[in-house]
Amino acid sequence: MASVPAVLTSEWTKIRSVSSTVWTLFAAFAVTVVMGAALSALLNATFDDLSETEQATFDPTFVSFSGTVLGQLAMVVFGVLVVGTEYSSGMIRTSLAAVPQRATFLLSKITVAGVLAFVVGLLTSFVSFFLSQAMLGDRGTDIGAENVLRAVVGGGLYMGLIAIFSMGVAAMLRSSMLSLGILMPFFFLVSQILSAVPGAKNVARYFPDQAGSKIMQVVPEAMGSDPSPYGPWAGLGIMVLWVLAAVLGGFLVLKKRDA
Amino acid sequence: MIEAVGLTKRYGAKTAVDDLSFQVRPGAVTGFLGPNGSGKSTTMRMILGLDRPTAGHVTIGGHPYRDLPNAPRQVGALLDAKGVHGGRTARNHLLSLAQLAGIPAARVDEVLGVVGLRDVAKRRSSGFSLGMGQRLGIAAALLGDPQVLLFDEPVNGLDPEGIHWVRNLMKSLAAEGRTVFVSSHLMSEMALTADHLIVIGRGRLLSDMSVTDFISANSADFARVRVPDDGPEGREKLTASLIEAGGRVMSEPGGALRVTGLPLPRISDLAHGCDVRLWELSPHQASLEEAYMRLTQGLVDYRSTDDAKAGLAEPPPQDPYASLLGAGGLAAPPEPVEVPQDGWYAPPPPVPGQGPGPRSGPSPAPADEPSSAAPAEEQTSKDLR
Numbered sequence: 000m001a002s003v004p005a006v007l008t009s010e011w012t013k014i015r016s017v018s019s020t021v022w023t024l025f026a027a028f029a030v031t032v033v034m035g036a037a038l039s040a041l042l043n044a045t046f047d048d049l050s051e052t053e054q055a056t057f058d059p060t061f062v063s064f065s066g067t068v069l070g071q072l073a074m075v076v077f078g079v080l081v082v083g084t085e086y087s088s089g090m091i092r093t094s095l096a097a098v099p100q101r102a103t104f105l106l107s108k109i110t111v112a113g114v115l116a117f118v119v120g121l122l123t124s125f126v127s128f129f130l131s132q133a134m135l136g137d138r139g140t141d142i143g144a145e146n147v148l149r150a151v152v153g154g155g156l157y158m159g160l161i162a163i164f165s166m167g168v169a170a171m172l173r174s175s176m177l178s179l180g181i182l183m184p185f186f187f188l189v190s191q192i193l194s195a196v197p198g199a200k201n202v203a204r205y206f207p208d209q210a211g212s213k214i215m216q217v218v219p220e221a222m223g224s225d226p227s228p229y230g231p232w233a234g235l236g237i238m239v240l241w242v243l244a245a246v247l248g249g250f251l252v253l254k255k256r257d258a
Numbered sequence: 000m001i002e003a004v005g006l007t008k009r010y011g012a013k014t015a016v017d018d019l020s021f022q023v024r025p026g027a028v029t030g031f032l033g034p035n036g037s038g039k040s041t042t043m044r045m046i047l048g049l050d051r052p053t054a055g056h057v058t059i060g061g062h063p064y065r066d067l068p069n070a071p072r073q074v075g076a077l078l079d080a081k082g083v084h085g086g087r088t089a090r091n092h093l094l095s096l097a098q099l100a101g102i103p104a105a106r107v108d109e110v111l112g113v114v115g116l117r118d119v120a121k122r123r124s125s126g127f128s129l130g131m132g133q134r135l136g137i138a139a140a141l142l143g144d145p146q147v148l149l150f151d152e153p154v155n156g157l158d159p160e161g162i163h164w165v166r167n168l169m170k171s172l173a174a175e176g177r178t179v180f181v182s183s184h185l186m187s188e189m190a191l192t193a194d195h196l197i198v199i200g201r202g203r204l205l206s207d208m209s210v211t212d213f214i215s216a217n218s219a220d221f222a223r224v225r226v227p228d229d230g231p232e233g234r235e236k237l238t239a240s241l242i243e244a245g246g247r248v249m250s251e252p253g254g255a256l257r258v259t260g261l262p263l264p265r266i267s268d269l270a271h272g273c274d275v276r277l278w279e280l281s282p283h284q285a286s287l288e289e290a291y292m293r294l295t296q297g298l299v300d301y302r303s304t305d306d307a308k309a310g311l312a313e314p315p316p317q318d319p320y321a322s323l324l325g326a327g328g329l330a331a332p333p334e335p336v337e338v339p340q341d342g343w344y345a346p347p348p349p350v351p352g353q354g355p356g357p358r359s360g361p362s363p364a365p366a367d368e369p370s371s372a373a374p375a376e377e378q379t380s381k382d383l384r
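Chains as they are written, first to last, in numbering that gives the first Met the number 0: chain L, 0 to 258; chain G, 0 to 384.
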């Protein structure tokens, strides 16, 4: 039985020894921070043009995470590549010959990559928050304010969960290209569009990204968004359920299918 | 010790491996031979627990692979040379594998030296040639100093020096008492490396015996007989006489006769009996390659056809012989069957008191043998496909 610490060490070596890890995680960080800061500056300058409801529910914390919409895509790429390159390179056969226990293999991989994504997400979240608050000036908020710290840490959790969800999907589909082809349009377009369509939005608010992003809001119904039937933690819980389903699906595929 | 019992793998309607049972013993190099697509790699993957058998099971040292405690320390495998993340350096690739089994990093540098990749250890493997990839795969197999080693086509892409090295490596690993299981589609390679042979075709076991036994059971020893070229009469007379005595006669391109099924003294006696002089009567032994080709000739999945280049080439000039034959002047004289240049080998002669070995496959003789009644029947290699 390959011991769990041994598999974790090995997965860490695998992750740190490919350049795609550095690039995707750096992109997730940079895109989220830069876009969040830029939108904060823009909203601050054009605050008077916002509608009354938007002004009334102005959420400086949520605004600083505007970059997440794009930054999460880099996290998706990171998660997909961590699992998908095992298949595209054929490394999966070497890996599974070395770790015949499928559960140990997949869970170790997801743990290492998930923790890394969470740490980077947390860093992104804090930098994004403080930079954006600086941009917002007087309209900004403070990390000590009620629920703000929850939202900022939640931003890191959200990034980590997005990465793990992508790993689960990649393990189910066993292909980087296929996974990216489904996840990228889903998170970037489908989810965003459906959440704006009346009727469809009742379903779309249970999508992992829509539900999970509630954790980053401090003001309820932030920026004129619709009221939702669940709170921030319940929203994150819905996202966690999605993630668990994806990982379980990935595990079952790995266990049942021939490598 | 690897033991397969009734191993079967189906992909939909296609049966890749069909009721395969064999044992691979320690202390010897066991060659695993078969044409492309005969199920060698599928069998290897099932041994390693990567593919689940549809029926039957395979164990290593009594355990199914997935249940082996610390598998990398017991079994080393080279499956495909390109099974490496191209962006990772050779050393990091091996290091990640070593860490799985608690193998110290110093061992990584050791095996890199053994396979001759020390100079490129820090280079990304995407830039590796196929031969370097094979060496990296072999290094991964050797990493845990395992007692059981599996190599799938290890000499693919290696240069002659590398092939020589792999050959000696296999032998020395076996000499240390390890179980070495090597697949190949090259009989000539196995003849030099293996002590024992397991031959499969279309997923079925064709032969499981030592290399020496394999040769004697499958080789079609034949006699080459050459008669004076002073006319076809002597040749025809001798051919008729040999066939009558139960031999099989084929004519070789050079005009000599290839006789199977009769001992040399008997051929000499028959020639004397019908008053034909012999210029040559020599014994020949088929190579291992021939024995293998004969065994698998009916079971090759991917056989090339003639490239007719239809519509691509100018129509060839009129065949001068066609018009000659068309004139009807020449009736084809009775002739023994031509020996095809390649692609077909005579079935082995029946050996009295000794079976042809555990050959459960269909009879590897798809073509008509020259019937004794009509030795003159003209056959071309095209008919034999």
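Note that the Cβ used here is the ideal one computed from N, Cα and C, for glycine as well. Only a predicted model underlies this, so the values are computations on that prediction, with no experimental measurement involved.
Is the distance from the Cβ of residue i to the Cβ of residue j below 9 Å?
| i | j | result |
| --- | --- | --- |
| L160/L | G249/L | no |
| V258/G | V226/G | no |
| S183/G | G61/G | no |
| R106/G | L142/G | yes |
| L149/G | A80/G | no |
| V126/L | T84/L | no |
| H283/G | A193/G | no |
| F206/L | L193/L | yes |
| L32/G | L204/G | no |
| V147/G | L157/G | no |
| S190/L | G154/L | no |
| R87/G | K200/L | no |
| I91/L | V246/L | no |
| P34/G | M0/G | no |
| V28/G | L172/G | yes |
| Y291/G | V181/G | no |
| S227/L | G234/L | yes |
Return helix, strand or coil for residue i, following the three-state DSSP convention.
| i | result |
| --- | --- |
| Q22/G | strand |
| K108/L | helix |
| K308/G | coil |
| G115/G | coil |
| Y157/L | helix |
| R9/G | strand |
| V17/L | coil |
| S37/G | coil |
| T295/G | helix |
| R302/G | coil |
| A100/G | coil |
| R134/G | helix |
| D17/G | strand |
| T23/L | helix |
| T84/L | helix |
| S95/G | helix |
| S209/G | strand |
Count the other CB atoms, across all protein chains shown, that sit within 10 Å of the CB of residue i; report buried if there are 16 or more and exposed otherwise.
| i | result |
| --- | --- |
| G211/G | Position check: residue 211/G holds Thr in this sequence, whereas Gly was assumed. By the neighbour-count rule (16 or more Cβ atoms within 10 Å), T211/G is not buried but exposed. |
| H271/G | exposed |
| K13/G | exposed |
| K39/G | buried |
| H92/G | buried |
| H84/G | buried |
| L251/L | exposed |
| P103/G | exposed |
Can you check DSSP and say which residues form a bridge with residue i?
| i | result |
| --- | --- |
| T58/G | E2/G |
| E279/G | R225/G |
| A27/G | T178/G |
| I199/G | L204/G |
| R247/G | T259/G |
| G75/G | L148/G |
| L269/G | DSSP output for L269/G lists no bridge partner at all. |
| T88/G | R123/G |
| field | Chain-ordered residues of the stretch 61-95 of chain G with a beta carbon less than 7 Å from chain L | value | Y64, R65, L67, P68, N69, A70, P71, A76, L78, D79, K81, G82, V83, H84, G85, G86, R87, T88, N91, L94 and S95
| chain G contacts made by the stretch 3-24 of chain L, where a contact means CB separation under 7 Å | A5, V6, T8, S9, T12, K13, S16, V17, S18 and S19
Could you list the residues in the stretch 83-96 of chain L with a C-beta less than 7 Å from some C-beta on chain G, going in chain order?
T84, S88, G89, M90, R92, T93, L95 and A96
query: In the stretch 223-237 of chain L, which residues sit with their C-beta less than 9 Å from some C-beta in chain G, listed in chain order?
result: none
**Prompt:** Of all the residues that make up the stretch 95-121 of chain G, which are near chain L by a beta-carbon distance shorter than 9 Å?
**Reply:** S95, L96, A97, Q98, L99, A100 and G101
Check: Listed from N- to C-terminal order along the chain, which residues in the stretch 108-134 of chain L have their beta-carbon within a distance smaller than 8 Å of any beta-carbon of chain G?
Finding: none
| query | Using a beta-carbon distance cut-off of less than 8 Å, what residues from the stretch 62-81 of chain L approach chain G? | reply | none
Check your understanding: In chain order, what residues of the stretch 11-45 of chain G put their CB closer than 8 Å to some CB of chain L?
Key -> R44
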